[in-house]
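Residue numbers (our numbering): 5 to 117. Note that the Cβ used here is the ideal one computed from N, Cα and C, for glycine as well. Since we're looking at a predicted model, the values are computed, not measured. Notes for the one structure printed next.
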Ligand SMILES: Cc1cc2nc3c(=O)[nH]c(=O)nc-3n(C[C@H](O)[C@H](O)[C@H](O)COP(=O)(O)O)c2cc1C
C-alpha cells in the first residue's frame with residue numbers, strides 16, 4: 005500500500021472513484037475528509053476535485069495523520085478549486101482519533117457550523 009501510494013503520487017495518478025455524486029449541485033458545503041499520505045491528500049481526492057466543479061461552494065477539509073498534520077493540503081485544495089471558499093482545516097492525529105469529539109466540535113464552531 006505504501007509503495008502503491010508513492011507510485012500514484014510520483015505519476016500524479018487519478019485513481020478511478022467507485023461512486024459518483026449525481027446531485028452535487030444541491031450542496032453548498034462539502035466536508036472533505038482524507039488521511040495524509042506522504043505529506044499530501046491521497047490521489048483519489050484529486051480525482052474527486054477534478055471530477056466536480058466546486059466553484060461557489062465552501063470546502064471544509066479535515067484529515068487524520070500519523071502526526072504530519074494538514075501538511076498544506078487546504079492550500080492544495082484551494083489551488084485545485086480556485087473559485088471555492090476553503091475553510092480552516094482540521095487535523096487529528098490517528099492516535100487521538102477515537103477521542104476527538106471536542107476537537108471536531110471546536111473546529112465546526114470556529115468555521116461557523
Ligand atoms: C500510504 C501512506 C502514507 C502515509 N503518509 C503519512 C505521512 O506522510 N504523514 C503522516 O503523518 N502519516 C502518514 N500516514 C499515516 C496515515 O495518515 C494514518 O494512518 C491515517 O491518517 C489513519 O487513517 P486510516 O485509518 O484511514 O489509515 C500514511 C499512511 C499511509 C497508508
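Rounded to whole angstroms, residue 62 and residue 89 show a C-alpha spacing of 5 Å. Contact between residue 52 and residue 21 holds, with the beta-carbon distance rounding to 6 Å and staying under 8 Å. Between the alpha carbons of residue 112 and residue 64 lies a gap of roughly 9 Å. Within the chosen limit of 7 Å, ligand 1 reaches the beta carbon of residue 6 through at least one heavy atom. Membership of residue 46 in any beta strand (DSSP E) is not indicated, and neither H nor E is assigned to it by DSSP.
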